[in-house]
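Scroll down for the structure; my scribbles are underneath it.
There are 2 protein chains.
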Amino acid sequence: MGIVHNIKNMPLARKLGAFVALSEIEHTVLEGLHKRRRTFCAGRDLVHQGQSGQAAYILVSGWACSYKILMNGHRQIVDFQIPGDFLGLRSVLLKLSDHSVEPISDIEVTEVNVSDLLEAFAETPRLAAAVLWAVSRDEAMVVEHLVDIGRRNAAERMAHFLLELGARLSLVGLGSKAGYACPLSQYLLADALGLSSIHVNRVLRKLRETGMLTFREGYVAFDNYEQLIEFAEFDPVYLDQAGPLLP
Amino acid sequence: MGIVHNIKNMPLARKLGAFVALSEIEHTVLEGLHKRRRTFCAGRDLVHQGQSGQAAYILVSGWACSYKILMNGHRQIVDFQIPGDFLGLRSVLLKLSDHSVEPISDIEVTEVNVSDLLEAFAETPRLAAAVLWAVSRDEAMVVEHLVDIGRRNAAERMAHFLLELGARLSLVGLGSKAGYACPLSQYLLADALGLSSIHVNRVLRKLRETGMLTFREGYVAFDNYEQLIEFAEFDPVYLDQAGPLLP
DNA sequence: CGGAAGATTGACGGCCTTCAAGATTAGTGG
DNA sequence: CCACTAATCTTGAAGGCCGTCAATCTTCCG
């Protein structure tokens, strides 16, 4: 039973363990955060922009995306979340949620509320540092995403984004330098990259024709990883996880 | 002496106090983080992209900006920092700094290192929650910035960005609905908004001619605040600070 | 089998960039 | 006090990237 729990909670513990070497006690406290397990179907938002009293979640399996809607109807996807990531953590800390979260596939999550989190911090302050690190890492990805949209053209942007996704998935064992399974539609990619879906299609064709990358039937294949990295100027320092920083 | 310190540290304590009602002890611990005071001149970077062992700082007076440089020479400014903001907090938590920080004017800061911060967390866990909130608030601003660049045209983007800066400055007593002193050049605005400085100039002219906003001689004047807010679809939920969330 | 969602391609146009050249301001040294 | 330089601001013209509109095709699922 405890073992099953351990396995299911791996992604988060593994992520945090990369920053802080977690003790037995800290592992136990972390496990205590995984009490209420829930599932959501694809498309049913679990965090709602502009509402208060939202819960936060830890994603156990499946993909989700966080996004903001503008009044003119446009949408900007802020980031995609994969197993081990927090969902809507900002929405419990800020008074009103500034964004929504939508499952892309059917997902499994565990619910976390603020008081549990604060108790956990009081018991093991190092966990507070670890969570702060995780939030900082999320912010670093948003920042890189900002650079994508602000200073890269559509092709570089697409290449960089798919490389980052690949690197993140590799860290939790869901991808490699060959490629990865990717449930994203061209519409979702468009909303994430600040492009039209038509242009996303054109860019993917171009990347395929130049032999660097193929995205077909739910699979991203890196046809020429080295060339792609150079083309996109991909530098994964901000994802670096080679050993805990705090002993 | 203690009083002088209190006044100088106001911006951060004020910011955190908006989330967590801070006790005397927590105020004291917070003050303990403001030991090493330093000054930097405009243009001398105090955090360096790609380097390790960086320190973090709390900005006491002046303006700074955090940015990333691409290999092709382009630069993207992630955000501007004003008094009370952290500088380079991510760079101490991640192994290598993913960004640089440059003072825009001469600035006054206090240095903070990780171990001090962790000690503070251990002493007063609520402070950990408060810092986590502050980091989340920073992330919310970056996210809104992402929406700016991804889904707004140049004029809306400029209007939204200058409105946000005004709202942030008002929270620390440096601005109002009339306007605020703003030391940013058109080049800096261009790098922040993902535009060319030429286009920044054109957009500012258009906003001036339509009677919504005038930016001249280091001062942003809101000529028609209501119209501007509607034009930019500005909704400051993510900056909301009306009373502490945690008692 | 019909309908919806996604993928694909072409034509046209607009926003914004790049290149180029002045104008204005501020700081510096003679 | 004035010439000189550098930085910033300003404006014009040409062109490219990417958005919009429109149509066709494929796939999937009830």
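Residue numbers (my numbering), protein chains in the order written: chain A, 1134 to 1380; chain B, 1134 to 1380. Note that the Cβ used here is the ideal one computed from N, Cα and C, for glycine as well.
- So, is the C-beta of Met-1345 of chain B closer than 7 Å to a C-beta in chain A? no
- Could you name the residues of chain B that Asn-1272 of chain A contacts, counting a contact when the two beta carbons are closer than 8 Å? Note on residue identity: the sequence assigns Glu, not Asn, to residue 1272 of chain A. Here the neighbours are Arg-1223, Val-1268, Asp-1271, Glu-1272 and Val-1275.
- Closest Cβ-Cβ distance between Leu-1279 of chain B and chain A: below 7 Å? yes
- Item | Residue environment, Ala-1311 of chain A, which counts as buried when at least 16 other CB atoms sit within 10 Å | exposed
- Query: Along the chain, where does the beta strand (DSSP E) that runs through Ala-1197 of chain B open and close?
  - Reply: 1197-1202
- Residues of chain A with CB under 8 Å from Glu-1366 of chain B, in chain order? Leu-1203, Met-1204 and Asn-1205
- Task: Output the distance between the C-alpha atoms of Pro-1216 of chain A and Cys-1315 of chain B, rounded to the nearest integer angstrom.
- Result: 43 Å
- Indicate the three-state DSSP secondary structure (helix, strand or coil) for Thr-1161 of chain A in the structure shown. helix
- Message: Can you look up Glu-1350 of chain A in the DSSP assignment and give me helix, strand or coil?
- Response: coil
- Quick one: what's got a C-beta closer than 6 Å to Arg-1259 of chain B's C-beta in the same chain, skipping five residues either side? Val-1153
- Message: Against chain B, which members of the stretch 1242-1256 of chain A pass a CB distance test of less than 7 Å?
- Response: Leu-1251, Phe-1254 and Ala-1255
- Message: Taking its Cβ as the centre, do 16 or more other Cβ atoms sit within 10 Å of Arg-1338 of chain A, making it buried, or is it exposed?
- Response: exposed
- Going along chain A, which residues have a C-beta under 8 Å from Asp-1231 of chain B? Ala-1273, Val-1276, Glu-1277, Val-1370 and Tyr-1371
- Item | Collapsed DSSP secondary structure at Val-1370 of chain B in the structure displayed | helix
- For the beta strand (DSSP E) holding Gly-1306 of chain A, just list the boundary residues, first then last. Neither: Gly-1306 of chain A is in no beta strand (DSSP E) and is coded neither H nor E.
- Message: Can you find the residues in the same chain that come closer than 6 Å, C-beta to C-beta, to Gly-1299 of chain A, ignoring five residues on each side of it along the sequence?
- Response: Gly-1308 and Tyr-1313
- Item | Reduced DSSP secondary structure (H/G/I, E/B, other) of Ala-1314 of chain B | strand
- Message: If we define contact as Cβ-Cβ less than 7 Å, is Leu-1265 of chain B a contact residue for chain A?
- Response: yes
- Apply the 10 Å Cβ neighbour rule to Ala-1151 of chain B and answer buried if 16 or more other Cβ atoms are within range, or exposed otherwise. buried
- Item | Nearest to Ser-1224 of chain A (by Cα), restricted to the options B:Gly-1283, B:Ser-1269 and B:Gln-1184 | B:Ser-1269
- Shortest alpha-carbon distance to Val-1193 of chain A belongs to which of A:Asn-1286, A:Gly-1206 and A:Arg-1169? A:Arg-1169
- Item | Neighbour list for Val-1211 of chain B in chain A, Cβ cutoff strictly below 7 Å | Val-1276 and Leu-1279
- Message: Suppose you measure from the CA of Met-1274 of chain B to the CA of Ala-1197 of chain B; what does that come to, to the nearest Å?
- Response: 15 Å
- Item | Under 8 Å from the C-beta of Ile-1282 of chain A: neighbouring residues of chain B | Leu-1279, Ile-1282, Gly-1283 and Gly-1327
- Message: List, from N- to C-terminal side, the beta strand (DSSP E) runs of 3 residues or more that fit wholly inside the stretch 1274-1299 of chain B.
- Response: none
- Query: Helix, strand or coil: how does DSSP classify Arg-1177 of chain B here?
  - Reply: coil
- Query: Which same chain residues, not among the five before or five after Ile-1140 of chain A, have their C-beta less than 8 Å away from its C-beta?
  - Reply: Caution applies to Ile-1140 of chain A, whose pLDDT of 45 falls short of 50 and renders its modelled position unreliable; the value that the coordinates give is listed next. Once the five neighbours on either side are set aside, Ile-1140 of chain A has no close Cβ partner at all.
- Between the Cα of Ile-1237 of chain B and the Cα atoms of B:Tyr-1200, B:Glu-1252 and B:Ile-1158, which residue gives the shortest distance? B:Tyr-1200
- Sub-7 Å separation of Asp-1324 of chain A and Ile-1210 of chain A beta-carbons: yes
- What in chain A is Cβ-close to Gly-1183 of chain B, meaning under 7 Å? Val-1370
- Query: Between which two residues does the beta strand (DSSP E) carrying Asp-1212 of chain B extend?
  - Reply: 1208-1214
- Keeping to the same chain, check which residues put their C-beta closer than 8 Å to that of His-1138 of chain B; ignore five residues upstream and five downstream. Low local confidence applies: a pLDDT of 47 at His-1138 of chain B is under 50, so the model's placement there is unreliable, with the coordinate-based value given in what follows. Answer for His-1138 of chain B: Glu-1164 and His-1167, listed in chain order.
- Query: Can you list, in chain order, the residues of its chain whose CB lies under 6 Å from that of Arg-1290 of chain B, leaving out five sequence neighbours each side?
  - Reply: Asp-1281 and Leu-1326
- Item | Proximity of Gly-1183 of chain A and Leu-1155 of chain A at Cβ, strictly below 7 Å | no
- Query: Between His-1160 of chain B and the rest of its own chain, which residues show a CB-CB distance below 7 Å, the 5 nearest in sequence each way excluded?
  - Reply: Ala-1146
- Message: Within 7 Å of any Cβ in chain B, is that where the Cβ of Leu-1226 of chain A sits?
- Response: yes
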